[in-house]
Every structure is written in C-alpha cells, then in structure tokens.
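Comments concern the structure below.
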Amino acid sequence: MLLLLYLYALQRISASTCSGFIALEPVYAISFAALLFGDPVTPWILVSMALIIGASLILLRIEQKAH
Numbered sequence: 001m002l003l004l005l006y007l008y009a010l011q012r013i014s015a016s017t018c019s020g021f022i023a024l025e026p027v028y029a030i031s032f033a034a035l036l037f038g039d040p041v042t043p044w045i046l047v048s049m050a051l052i053i054g055a056s057l058i059l060l061r062i063e064q065k066a067h
C-alpha cells in the first residue's frame, strides 16, 4: 500500500521532493512510538530529529531554487 502511494506521488512531484518526505520516516516513527507506546524521547533523539528535518528542508529549498 505504501509503495503504491509512493509511486502515485512520484507521478505528481519530483523524485527529489519525494525523497525529502521519505527521509522524514524516522521522525514519524519516533513521534508515533512516543505518543502511542510511551517510548522515551531523549535529547539525542530530539537532536537527531532536528537534523533530519533540517536536511529535508534544505533539500526542498534546493529543489525550489532549481525550478
């Protein structure tokens, strides 16, 4: 199912934009695990999440400047 959604998205937006959202999967997983299962979120996890989000934003900005 997720693969079909990914392929659908690739038809609508560029591959680099898709990869920026795919890179956010660990952030989603950590957030859902913390909310649903009460997993602890340590400062290192927050730093890691910030780095992933920052890198994704940079990638999206580069993509926008290219067009």
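Residue numbers (the UniProt record's numbering): 1 to 67. Note that beta-carbon positions come from the ideal geometry of N, C-alpha and C, so glycine has one too.
Kindly list the residues whose CB is nearer than 6 Å to the CB of residue i, restricted to its own chain and excluding five residues on each side of it in sequence; keep chain order.
| i | result |
| --- | --- |
| Ala34 | Val41 |
With a threshold of 8 Å on Cβ separation, who are the neighbours of residue i within its own chain once the five nearest residues in sequence on each side are excluded?
| i | result |
| --- | --- |
| Ile53 | Leu24 and Val27 |
Using CA atoms only, rank isn't needed, just tell me which of the options is closest to residue i.
| i | options | result |
| --- | --- | --- |
| Leu46 | Ile13, Phe21, Ile30 and Leu3 | Ile30 |
| Ala55 | Arg12, Ile22 and Leu5 | Ile22 |
Go ahead and label residue i buried or exposed: buried means 16 or more other beta carbons lie within 10 angstroms of its beta carbon, across all protein chains shown.
| i | result |
| --- | --- |
| Gly20 | buried |
If you drop the 5 nearest sequence neighbours on each side, which residues of the same chain put their C-beta closer than 7 Å to that of residue i?
| i | result |
| --- | --- |
| Ala10 | Per the sequence shown, residue 10 should be read as Leu rather than Ala. For Leu10, where only same-chain residues beyond five positions count, the Cβ hits under 7 Å are Cys18. |
Is residue i close to chain C? Criterion is C-beta to C-beta, closer than 8 Å.
| i | result |
| --- | --- |
| Leu3 | Included in the structure is just one protein chain, with no chain C present. |
Assuming contact is defined by CB atoms lying nearer than 8 Å, are residue i and residue j in contact in what I supplied?
| i | j | result |
| --- | --- | --- |
| Ser14 | Leu59 | no |
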